[in-house]
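Same order as they appear, the protein sequences are chains W and D. Each residue of the first sequence is one higher than the one before, starting from 1 at the first, in full-length UniProt numbering. Each residue of the second sequence is one higher than the one before, starting from 1 at the first, in full-length UniProt numbering. A virtual CB, placed ideally from N, CA and C, is assigned to each residue, including glycine.
Protein chains: 2
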Amino acid sequence: MSKTLLDLVKETDVVPYSITSSFNSSDCFSLIAHDGSGTLGFMIPKVVSILFEQFPSDFIIDYYASTLTLASHLDTEPKRSEAFARIAKTLKEKNFFPEVLGGWRNELYPVYCPQKELYLLVERAASPLFGVITYGVHITGYVGSENSKNPKELKVWTPRRAYNKPTFPGMLDNTVAGGLGHPYGVLETAIKECGEEAGLSEEYARSRLVPAGVISYWYRHKYSPELDLYQPEVEYVYDLPMDKVTVPKPVDGEVAEFKLWGVDELLREMRAGNFKPNTALVMIDFFIRHAIIDPEQEPDYLEITSRIHRRFPFPTR
Amino acid sequence: MSKTLLDLVKETDVVPYSITSSFNSSDCFSLIAHDGSGTLGFMIPKVVSILFEQFPSDFIIDYYASTLTLASHLDTEPKRSEAFARIAKTLKEKNFFPEVLGGWRNELYPVYCPQKELYLLVERAASPLFGVITYGVHITGYVGSENSKNPKELKVWTPRRAYNKPTFPGMLDNTVAGGLGHPYGVLETAIKECGEEAGLSEEYARSRLVPAGVISYWYRHKYSPELDLYQPEVEYVYDLPMDKVTVPKPVDGEVAEFKLWGVDELLREMRAGNFKPNTALVMIDFFIRHAIIDPEQEPDYLEITSRIHRRFPFPTR
Numbered sequence: 001m002s003k004t005l006l007d008l009v010k011e012t013d014v015v016p017y018s019i020t021s022s023f024n025s026s027d028c029f030s031l032i033a034h035d036g037s038g039t040l041g042f043m044i045p046k047v048v049s050i051l052f053e054q055f056p057s058d059f060i061i062d063y064y065a066s067t068l069t070l071a072s073h074l075d076t077e078p079k080r081s082e083a084f085a086r087i088a089k090t091l092k093e094k095n096f097f098p099e100v101l102g103g104w105r106n107e108l109y110p111v112y113c114p115q116k117e118l119y120l121l122v123e124r125a126a127s128p129l130f131g132v133i134t135y136g137v138h139i140t141g142y143v144g145s146e147n148s149k150n151p152k153e154l155k156v157w158t159p160r161r162a163y164n165k166p167t168f169p170g171m172l173d174n175t176v177a178g179g180l181g182h183p184y185g186v187l188e189t190a191i192k193e194c195g196e197e198a199g200l201s202e203e204y205a206r207s208r209l210v211p212a213g214v215i216s217y218w219y220r221h222k223y224s225p226e227l228d229l230y231q232p233e234v235e236y237v238y239d240l241p242m243d244k245v246t247v248p249k250p251v252d253g254e255v256a257e258f259k260l261w262g263v264d265e266l267l268r269e270m271r272a273g274n275f276k277p278n279t280a281l282v283m284i285d286f287f288i289r290h291a292i293i294d295p296e297q298e299p300d301y302l303e304i305t306s307r308i309h310r311r312f313p314f315p316t317r
Numbered sequence: 001m002s003k004t005l006l007d008l009v010k011e012t013d014v015v016p017y018s019i020t021s022s023f024n025s026s027d028c029f030s031l032i033a034h035d036g037s038g039t040l041g042f043m044i045p046k047v048v049s050i051l052f053e054q055f056p057s058d059f060i061i062d063y064y065a066s067t068l069t070l071a072s073h074l075d076t077e078p079k080r081s082e083a084f085a086r087i088a089k090t091l092k093e094k095n096f097f098p099e100v101l102g103g104w105r106n107e108l109y110p111v112y113c114p115q116k117e118l119y120l121l122v123e124r125a126a127s128p129l130f131g132v133i134t135y136g137v138h139i140t141g142y143v144g145s146e147n148s149k150n151p152k153e154l155k156v157w158t159p160r161r162a163y164n165k166p167t168f169p170g171m172l173d174n175t176v177a178g179g180l181g182h183p184y185g186v187l188e189t190a191i192k193e194c195g196e197e198a199g200l201s202e203e204y205a206r207s208r209l210v211p212a213g214v215i216s217y218w219y220r221h222k223y224s225p226e227l228d229l230y231q232p233e234v235e236y237v238y239d240l241p242m243d244k245v246t247v248p249k250p251v252d253g254e255v256a257e258f259k260l261w262g263v264d265e266l267l268r269e270m271r272a273g274n275f276k277p278n279t280a281l282v283m284i285d286f287f288i289r290h291a292i293i294d295p296e297q298e299p300d301y302l303e304i305t306s307r308i309h310r311r312f313p314f315p316t317r
């Protein structure tokens, strides 16, 4: 059955809005900074139990308040980053959470404190265990709207994910996307990913990439029936207006093929559930910004727009 | 002192995020639908007391829960709209809240129920008393970016509000803006306001207006020291790319003059606090969408973007 655009948003922005920083439930623990200055993420009890059992000197647990607080000796960023590196490595070596840690990346993701400063670094694959915000950049490469009066005539270079990818194999995706690892900048990451994922030269990407906003939503990723992890995500969005000659090419084996899709085809595939869920939100944002989705035609225009710009009850960059 | 862009956002999106639909405080009453199906708005105690005292058969008050609920006999939209028309008219005749009801408009604003259906209509000037969401459309008329590689070269037609306007006299404003009264559509209102406020023909506006999203924020408007009213606002935003010959003209006396401002001048005036507060947010959204504000340069990019797309704990259209 065909989905509405709001259905697509609700499947990705799934965490109820009743969950705020003061939320307290036996099903959901808050990860708290060592000095109590703020909540860093939300965790499921199964992960909290294992963490506290394995690393009792690094955390303080309060079952009544449903909080897991970093121990007070973790009072500098290097100490915390070192502790989280040790924790992630130990969990992996002891074969805890293989569904999650099997995708080990050797990339560090930053977590921020309320002063917007770097609070700690954590291995990318381990970040969903802590339920912290992760940052990325998503790029929409498109052709043919600039001189057209009708934005519906534009076409988007859309990759199909490799059929052997562990996550969302064979689904449609944004032209280029990547995680924002430490210490790389947003534009720097966008340019790098254009090369790695689509074979576009640094010069081509740098001269054409246009920053166009940032979306955010609170996903839960079900790694296994018992590991339905909180995953608040922030994706900086860039447009990449392309000429008609340049063709993106699969480079790193993560993409099966690139195809140039028209707006109506894209909307049909989105409504059929054939896009990787979060990338459908990037397409919706693109379509709103390019006047393809219109407040006169789309009944959920306002709700869609506010939900894909979710404000989190956590400190951010 | 120069303000940051986030300062401008915080001055307009002023209501704390801890206020959710289940918020309960003696300083803030919820206005509840007759069947308990949802919260319609937030009201200050001073207004609640007068309403209940003057119209005891139309409301049920619960001081403990801090709620004002519509009486159960108001069980159809026409009955509710009739009651609210009578209430607003009576308050005006008895000279309650002259700071608010002095601006009587003879325009009806819609309030929606959780099913997104029309729940009641209320006189525009009275709507802030009930703290319900109001809807509008804001249009940015600009010149000269389409063929330019540098979006910072575009210029925006910016009016200065008439010095005799009761609200925000002499401040800078969006090119065109207007409230979304019942039963007019968003585009229809945009076209009408282009004519009424800037002297642009229906044909000119219709062929050029481009829908570009919707912003939302929760303002409090201090009509007087004791009347600091909750004012959740939704503004549909349209871009109006203009040719270099057409000049907007003040028509209805609400505008002192139109001037074509460059990006750097606009940012300077915004930071100096010379824009009507909510219109600065429309400019910020425009600048983000047109790559003038960049995530690499603006430290509060994410927080700004999420706060100007606030999701309200009320039903919306």
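Item, Value
"Between Thr316(W) and the rest of its own chain, which residues show a CB-CB distance below 8 Å, the 5 nearest in sequence each way excluded?", "Tyr112, Lys116, Ile133 and Val234"
"Note down, in chain order, all residues in the UniProt domain \"Nudix hydrolase\" (134 to 285) of chain D with a beta-carbon under 7 Å from any beta-carbon belonging to chain W.", "Gly185, Val186, Leu187, Val210, Pro211, Ala212, Gly213, Val214, Ser216, Val234 and Tyr236"
"When DSSP labels each residue in this structure, what does Cys194(D) get in the three-state scheme?", "helix"
"I'd like to know whether the C-beta of Pro16(D) is nearer than 7 Å to at least one C-beta of chain W.", "no"
"Can you check the segment 80 to 135 of chain D for any alpha helix (DSSP H) of at least 4 residues that lies completely inside it and give the ranges in chain order?", "98 to 101 and 127 to 130"
"If I follow the unbroken beta strand (DSSP E) through Ala177(W), where does it start and stop?", "Val176 to Gly179"
"Counting contacts by CB-CB distance shorter than 7 Å, is Asp294(W) in contact with chain D?", "yes"
"Can you tell me which of Met171(D), Leu154(D), Lys152(D) and Gly262(D) puts its alpha carbon nearest to the alpha carbon of Arg161(D)?", "Met171(D)"
"Between which two residues does the alpha helix (DSSP H) harbouring Thr279(W) extend?", "Pro277 to Arg289"
"Find the residues of chain W that neighbour Tyr301(D), judging by a C-beta separation of less than 7 Å, and give them in chain order.", "Val214"
"What three-state label does DSSP hand Ile50(D) in the structure shown?", "helix"
"Assign Val143(W) to one of three DSSP states: helix, strand, or coil.", "strand"
"Between Tyr17(D) and Pro45(D), what straight-line distance do the alpha-carbon atoms span, to the nearest angstrom?", "20 Å"
"What would DSSP say about Val214(W), mapped onto helix, strand or coil?", "strand"
"Assuming the contact rule is C-beta atoms closer than 8 Å, Thr279(W) and Asp173(W) should be a hit. Round their C-beta distance to whole Å, please.", "5 Å"
"Who are the neighbours of His309(D) on chain W, taking C-beta pairs under 7 Å?", "Thr305, Ser306 and His309"
"Show which residues of chain W have a CB atom less than 8 Å away from the CB atom of Ala291(D).", "Val210, Pro211 and Ala212"
"Given a cut-off of 7 Å on the beta-carbon distance, is the pair Pro248(W) and Ala198(W) in contact?", "yes"
"Kindly indicate which residue of Thr167(W), Arg220(W), Tyr230(W) and Ile139(W) has the alpha-carbon position closest to the one of Leu187(W).", "Ile139(W)"
"Mind listing the chain D neighbours of Arg105(W)? Cutoff is C-beta to C-beta under 9 Å, in chain order.", "Those within 9 Å of Arg105(W) in chain D number zero; the least Cβ separation is about 23 Å."
"CB Glu11(D) to CB Pro277(D), shorter than 7 Å?", "yes"
"How big is the Cα-Cα spacing for Phe59(D) and Pro78(D)?", "16 Å"
"Show which residues of chain D have a CB atom less than 7 Å away from the CB atom of Thr4(W).", "The contacting residues do not exist; Thr4(W) stays about 13 Å from chain D at best."
"By the DSSP assignment, the beta strand (DSSP E) with Ser30(D) in it spans what residues?", "Phe29 to Ile32"
"Using a Cβ cut-off of 9 Å, pull out every chain W residue sitting near Ile19(D), in sequence order please.", "The contacting residues do not exist; Ile19(D) stays about 10 Å from chain W at best."
"What separation, rounded to the nearest whole angstrom, lies between the Cα atoms of Asn95(W) and Ala83(W)?", "18 Å"
"Got a sec, what are the start and stop residues for the alpha helix (DSSP H) Ala205(W) sits in?", "Glu202 to Arg208"
"Relative to the C-alpha of Val251(D), which candidate in Ile87(D), Leu200(D) and Asp239(D) has its C-alpha closest?", "Leu200(D)"
"Measuring alpha carbon to alpha carbon, tell me which residue in Ala33(W), Ser25(W), Met43(W) and Val47(W) is nearest Ala65(W).", "Ser25(W)"
"In this structure, what does DSSP give as the bridge partners for Thr39(W)?", "Ile32(W)"
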